[in-house]
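2 protein chains.
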Amino acid sequence: MNDGPQIRPSLDGFRWEGVELLAYKEEGSAPFKAITRQVLFQRPELQCELRYFEMQPGGHSTLERHEHVHAVMIFRGRGTCLVGEEVREVAAPDLVFIPPMTWHQFRATKDEPVGFLCMVNAERDKPQLPTDAQLQELKKKKVIADFLDGRVAPGEMTNTNGPKS
Amino acid sequence: MNDGPQIRPSLDGFRWEGVELLAYKEEGSAPFKAITRQVLFQRPELQCELRYFEMQPGGHSTLERHEHVHAVMIFRGRGTCLVGEEVREVAAPDLVFIPPMTWHQFRATKDEPVGFLCMVNAERDKPQLPTDAQLQELKKKKVIADFLDGRVAPGEMTNTNGPKS
Chain A
142 MNDGPQIRPS LDGFRWEGVE LLAYKEEGSA PFKAITRQVL FQRPELQCEL
192 RYFEMQPGGH STLERHEHVH AVMIFRGRGT CLVGEEVREV AAPDLVFIPP
242 MTWHQFRATK DEPVGFLCMV NAERDKPQLP TDAQLQELKK KKVIADFLDG
292 RVAPGEMTNT NGPKS
Chain B
142 MNDGPQIRPS LDGFRWEGVE LLAYKEEGSA PFKAITRQVL FQRPELQCEL
192 RYFEMQPGGH STLERHEHVH AVMIFRGRGT CLVGEEVREV AAPDLVFIPP
242 MTWHQFRATK DEPVGFLCMV NAERDKPQLP TDAQLQELKK KKVIADFLDG
292 RVAPGEMTNT NGPKS
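Protein chains in written order, with my numbering: chain A, 142 to 306; chain B, 142 to 306.
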């Protein structure tokens, strides 16, 4: 048998035995709010990592883009996300794919936490933050401005995709 | 925006919009029972794939080993698994890592389905099945023989690890 535990039992509260609860990112490196990170699988034999992110009510991830992609499964609760120019309500266990160089952000509602699994290549580029000009360009679409300013709640979206049925 | 849907909403019954329900493996290629496969993420930009496997009551995956590893999260229900010489009860959302060249099998109980997510390198070697001699060697341990013959149910295990508390 190889070293290291092969089975990590789950614990209450979306935690796992032997998995550390980490800060989402280094403080001050980028804007985010009320979000934690747990690295579920990060092994030299695997070319991807699997992480679990959880946002408390009102929390959000960083608005960013990068060459590497994300394969996301909403794991707990419901929230909203921006993928490119699309704002959508998502709920467990919906799947979300973030293509290369696509602005994205996940947001919890005011009422409940939302958690998601994220599969990502182990070797990846550094995220880019929007410049002021890029942010203004994004916000020309009202639905995106509302989302980024935290004014969109599930069921209230006015984008053509509409809320998830 | 890139082509292809970025969001795949979840459907009832552990299905996803646009995700095909597949046979576990090619029929007759290896022993298995009452198990299905859904490929949740398989993208050229990602060096791993994420699949969802589900076994009906009494179902099981193939007993096999290979150089590539599996990163598994039990996603639905509870069942038992063999990892090397360890037989363990597992329940959602426990994590299971299958090291290289380690015999492994997942089994549902007689009472309920069990489903698991499995992250795996996109480029990987072909699974090996045990020879008769290897199978007899494995079955020298009573707990493994009981497991492989479907005689172990959660809470009834006699291995030193004991059932999950």
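Just so you know, even glycine gets a beta-carbon here, dropped at the ideal spot from N, CA and C.
Here the structure is a predicted model, which is why all the values come from computation and not from measurement.
Determine, using beta carbons only, whether A:F288 comes closer than 8 Å to chain B. At a cut-off of 8 Å, the C-beta of A:F288 has no neighbouring C-beta in chain B.
Taking Cβ positions only, does A:F238 come closer than 8 Å to chain E? Annotation note: the requested chain E is absent from the structure, which comprises protein chains A and B.
Distance CB(B:Y165)-CB(B:G256) smaller than 8 Å: Cβ distance not < 8 Å, so B:Y165 and B:G256 don't count as in contact.
Considering B:Q277, what are the terminal residues of the beta strand (DSSP E) in which it resides? No beta strand (DSSP E) holds B:Q277; the alpha helix (DSSP H) holding it covers 273 to 279.
Counting only Cβ-Cβ distances shorter than 8 Å, please list the residues of the stretch 185 to 207 of chain B near chain A, keeping chain order. Interface annotation for the stretch 185 to 207 of chain B against chain A: E186, L187, Q188, C189, L191, criterion Cβ-Cβ distance under 8 Å.
Taking A:L289 as part of the alpha helix (DSSP H), name the residues at either end of that continuous run. Here the alpha helix (DSSP H) through A:L289 covers 283 to 289.
Pick out whichever of B:A233, B:K251, B:P150, B:F288 has its Cα sitting closest to the Cα of B:P198. Among B:A233, B:K251, B:P150, B:F288, the Cα nearest to that of B:P198 belongs to B:K251.
Alpha-carbon to alpha-carbon, A:P241 and B:V237: Approximately 30 Å, taken between the alpha carbons.
Check for me: the beta strand (DSSP E) holding B:L270 runs from which residue to which? DSSP places B:L270 in no beta strand (DSSP E); its state is neither H nor E.
Could you name the residues that DSSP lists as bridge partners for A:Q179? DSSP output for A:Q179 lists A:Y193 as bridge partner(s).
Residue-level contact to chain B via CB, A:W244, 8 Å cutoff: Not an interface residue.
CA-to-CA distance, B:G159 to A:A232, given in whole angstroms: In a straight line, the C-alpha of A:A232 is about 17 Å away from that of B:G159.
A:L181 at chain B interface by Cβ criterion, 8 Å: Taking Cβ atoms only, chain B reaches closer than 8 Å to A:L181, which makes this a yes.
For B:K267 and A:C189, the rounded distance between their alpha carbons: Their backbone Cα atoms lie some 19 Å apart in a straight line.
Look up B:G225 in the DSSP assignment and give the residues it is bridged to. DSSP output for B:G225 lists no bridge partner at all.
Grab me the residues of B:A249's own chain with a C-beta within less than 8 Å of its C-beta, minus the 5 sequence neighbours each way, in chain order. Residues A175, M196, Q197, P198, G199, G200, H201, G218, G220, V255 of the same chain have their beta carbon placed closer than 8 Å to that of B:A249, with the five preceding and five following residues left out of the count.
Distance check for B:R292 and B:E253, CA to CA, integer angstroms please. Each residue's Cα considered, the two are about 16 Å apart.
Between which residues of its own chain and A:K87 is the CB-CB distance below 6 Å, once the five residues before and five after are set aside? The structure shown does not extend to residue 87 of chain A, since chain A spans only 142 to 306, so no value can be given for it.
Report yes if the CB atom of B:P150 is closer than 8 Å to the CB atom of A:D290, and no otherwise. Going by C-beta atoms, B:P150 is not nearer than 8 Å to A:D290.
Please report how far the alpha carbon of B:T243 lies from the alpha carbon of A:V228, in whole angstroms. Rounded to the nearest angstrom, the two C-alpha atoms are 44 Å apart.
Of the residues B:E226, B:R206, B:L191, which one's Cα is nearest the Cα of B:T272? Relative to the Cα of B:T272, the nearest Cα in the group B:E226, B:R206, B:L191 belongs to B:R206.
Taking the beta carbon of A:L152 as the centre, do at least 16 other beta carbons fall within 10 Å, making it buried, or is it exposed? Burial call: exposed.
How big is the Cα-Cα spacing for B:I215 and A:Q147? Taking the straight line from one Cα to the other gives about 13 Å.
Cβ shell of B:M142 (< 7 Å), same chain only, five flanking positions each side left out: Confidence at B:M142 is low in this model, with a pLDDT of 40, below 50, so the placement of that residue should be treated as unreliable; the coordinate-derived value is given next. Cβ neighbours of B:M142 beyond the five flanking positions: none.
Measuring CB to CB, does B:L307 end up less than 8 Å from A:A212? As displayed, chain B neither begins before 142 nor continues past 306, which places residue 307 of chain B out of reach and without an answer.
Below 8 Å on the Cβ atoms is my guess for B:L223 versus B:H209; work out the distance and round it to an integer in Å. Contact check for B:L223 and B:H209: beta-carbon distance about 17 Å, past the 8 Å limit, so the pair fails to qualify.
Excluding the 5 residues flanking A:L181 on each side, which residues of the same chain have their C-beta closer than 7 Å to its C-beta? For A:L181, where only same-chain residues beyond five positions count, the Cβ hits under 7 Å are W157, V160, L191, R192, Y193.
What residue range does the beta strand (DSSP E) around A:F155 cover? For A:F155, no beta strand (DSSP E) run applies, since DSSP gives it neither H nor E.
Straight-line CA distance for A:K283 to B:I239? If I take the Cα positions, the gap works out to 47 Å.
Is there at least one Cβ from chain B nearer than 8 Å to A:I148's Cβ? With 8 Å as the cut-off, A:I148 counts as an interface residue toward chain B.
Run the CB neighbour count on B:S306, radius 10 Å, all protein chains shown included, and call it buried at 16 or more, exposed below. A caution first: B:S306 carries a pLDDT of 40, below 50, which makes its placement in the model unreliable, though a value can still be read off. The residue in question, B:S306, is exposed, as its Cβ has fewer than 16 Cβ neighbours within 10 Å.
If distances are taken between C-alpha atoms only, which option among A:R178, A:E226, A:E167 comes closest to A:L276? The candidate whose alpha carbon is nearest that of A:L276 is A:E226.
Interface residues of chain A facing B:R229 [CB-CB closer than 8 Å]: The contacting residues are I148.
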